[in-house]
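I have placed the structure first, in the form of structure tokens, so that the comments after it can refer back to it.
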Amino acid sequence: YHIVSGLDNRGRRHDADGVQRDWWDARTAAAFEAESQCVVEQYSNRTAVVLPDGTELRVNGTATRDDNAAWIAGLAAAHAAWQVERAAPGGGGKNPLLPGIEELADDQLFFVGFARQQCERQRASVARQLAAWAAPARVRVNGAVSNLDAFARAFSCPAGSPMNPRDKCRLW
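The opening residue of the sequence shown carries number 13 in the numbering used here; numbering runs sequentially from there.
Following this line, the structure appears as structure tokens:
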């Protein structure tokens with residue numbers, strides 16, 4: 013997530029020496045804007061919080077675009093690195109089974125681990141304030157995993173389902 017953030021619309025504004033300078037050319041900037049529109053549209057259709065009166069507040073997909081894209085790309089990179097490490101000679105191989113959840117496959121455990129580190133509980137009043145500029149943990153998790161084919165395979169999510177949409181966002 014944090015490494016990818018250095019390559020997004022905000023990270024582009026500081027060069028390798030930390031000097032404030034836009035190091036993207038016009039073509040790269042235009043391509044990022046076009047490709048990241050998928051993230052804006054996808055997250056803008058997600059519910060950030062349901063208020064006590066039943067009103068649904070949506071995620072501000074524009075304001076949260078860079079963070080949401082970083083979660084997707086960061087999780088994809090972490091999963092790919094985990095797969096390489098497991099397959100390498102002397103690598104991790106098969107993960108040990110965890111008591112109580114032996115029925116979960118290694119790939120499933122990887123994604124469960126990602127989701128668990130995002131656990132949070134917020135009051136509706138706090139979630140309402142945050143909704144304008146930050147996607148809640150549930151949206152960060154479901155948004156990131158639903159954009160990865162590896163997640164859909166791990167949990168056998170049907171194509172076109174909410175957790176395996178046909179149109180996935182990929183920026184990097």
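A virtual CB, placed ideally from N, CA and C, is assigned to each residue, including glycine.
Asked, Found
"Cβ separation of residue 61 and residue 143, assumed to be a contact under 8 Å, to the nearest whole Å", "6 Å"
"Burial state of residue 137 (16 or more Cβ within 10 Å)", "exposed"
"Alpha-carbon to alpha-carbon, residue 147 and residue 158", "15 Å"
"Endpoints, the alpha helix (DSSP H) within which residue 92 is located", "77 to 99"
"7 Å CB neighbourhood of residue 170 in its chain, flanking five on each side removed", "176"
"Contact belief for residue 152 with residue 120 at Cβ below 8 Å, rounded distance in angstroms", "19 Å between Cβ atoms; not a contact."
"Under 7 Å between C-beta atoms of residue 52 and residue 74", "yes"
"Buried versus exposed, by CB contacts within 10 Å (16 or more), residue 78", "buried"
"Buried versus exposed, by CB contacts within 10 Å (16 or more), residue 160", "buried"
"CB of residue 156 within 7 Å of CB of residue 87, strictly", "yes"
"Cβ neighbour criterion (16 or more within 10 Å) applied to residue 57", "exposed"
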